[in-house]
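First residue of the sequence shown? That's 0 in numbering that gives the first Met the number 0, and the numbers climb one at a time after it.
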Amino acid sequence: MDKQEIIDFIKRNPIVYLATVEGKRPHVRGMMLYLVDENGIIFHTGRTKDLQKQLERNPEVELCCFSQTENKQVRIAGKVEAVRDEALKKEIVKNRPFLKPWIEERGLDFLTVWRIKGGVATIWTMETNLEPKEYIKL
0 MDKQEIIDFI KRNPIVYLAT VEGKRPHVRG MMLYLVDENG IIFHTGRTKD
50 LQKQLERNPE VELCCFSQTE NKQVRIAGKV EAVRDEALKK EIVKNRPFLK
100 PWIEERGLDF LTVWRIKGGV ATIWTMETNL EPKEYIKL
């Protein structure tokens with residue numbers, strides 16, 4: 000797969016598992032990505048959540064995206080960067096109605112937005128399970 004094929008795969012499968020490390024302990028959680036394009040992978044969380052604190056302390060993450068219908072998994076390792084864009088935050092709240100009550104109660108600053116820019120992807124399928132990994136720069 001090339002970079003564009005990886006982007007398209009993640010767009011088709013926007014529910015991912017995001018791994019962080021706090022101290023020596025790994026943490027993984029399901030995430031719903033907001034945007035994936037040539038500029039990176041955008042997701043959000045709440046300012047008071049454990050994920051926020053983990054990203055601030057250690058920006059190294061890995062996400063895993065799987066498609067059962069394609070029998071394919073894409074893992075991306077990279078660094079996150081905070082995105083400070085009020086217009087993007089408003090767009091996210093508009094397109095994700097479940098966020099609206101939280102923002103009305105806590106304010107727009109409660110929402111934090113993160114981007115994985117660049118990074119390295121690896122692809123897994125059952126057919127290639129025992130082959131050496133190929134690393135694709137994003």
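Backbone N, C-alpha and C define an ideal beta-carbon position, used for all residues, glycine too. Remember, it's a predicted structure, so these values are computed and weren't measured experimentally.
| query | Across which residues does DSSP place R24 in a beta bridge pair? | reply | For the purposes of this step, residue 24 is taken as residue 25 along the sequence shown, with counting starting at 1. Note: R24 sits in a beta bridge opposite E21.
Measuring CB atoms only, is the stretch 14–31 touching the stretch 102–112, in the sense that at least three cross pairs come out at less than 8 angstroms?
no
Check: If you scan the stretch 32–95 from start to end, which runs of the beta strand (DSSP E) of 3 or more residues do you find wholly inside it?
Finding: 34–36, 39–45, 59–66, 71–82
**Request:** Tell me whether K10 sits in a helix, a strand or coil according to DSSP, three-state version.
**Result:** Here the question's residue 10 lines up with position 11 in the sequence shown. Helix at K10.
message = Quick check: is any heavy atom of the ligand SAH less than 7 angstroms from the C-beta of Q53?
response = Looking for the ligand SAH in the displayed structure turns up nothing, as the structure carries no ligands at all.
### Message
Using 8 angstroms as the cut-off, can you tell me whether the stretch 118–135 makes contact with the stretch 86–106, which would need three or more C-beta pairs spanning the two stretches below that distance?
### Response
no
*asked:* Relative to the C-alpha of T111, which candidate in E85, T68, D1 has its C-alpha closest?
replied: Residue mapping note: residue 111 aligns to position 112 of the sequence shown, counting from 1. Comparing Cα positions, the closest option is E85.
Task: For K159, three-class secondary structure by DSSP - done: Because the chain here runs from 0 to 137, residue 159 falls outside it and cannot be looked at.
Review point. Between Y134 and the rest of its own chain, which residues show a CB-CB distance below 8 angstroms, the 5 nearest in sequence each way excluded?
Key: Counted from its first residue, the sequence shown places residue 134 at position 135. Same-chain partners within the cutoff: V119, A120, T121.
Look up L129 in the DSSP assignment and say whether it is helix, strand or coil. The count along the sequence shown starts at 1 and reaches residue 129 at position 130. In the structure shown, L129 sits in coil (DSSP, three-state: anything other than H, G, I, E or B).
Measuring straight from C-alpha to C-alpha, what distance separates I14 and Y33?
As a working mapping, residue 14 is identified with position 15 in the sequence shown. As a working mapping, residue 33 is identified with position 34 in the sequence shown. The straight-line gap from Cα to Cα measures roughly 10 angstroms.
Suppose you measure from the CA of G45 to the CA of V82; what does that come to, to the nearest Å? Within the sequence shown, numbered from 1, the residue matching residue 45 stands at position 46. Within the sequence shown, numbered from 1, the residue matching residue 82 stands at position 83. Distance between the alpha carbons of G45 and V82: 13 angstroms.
- Best match in M0, D7, L50 for proximity to Y16 [C-alpha to C-alpha]: As a position in the sequence shown, residue 16 is number 17, starting the count at 1. With distances taken between Cα atoms, Y16 lies closest to L50.
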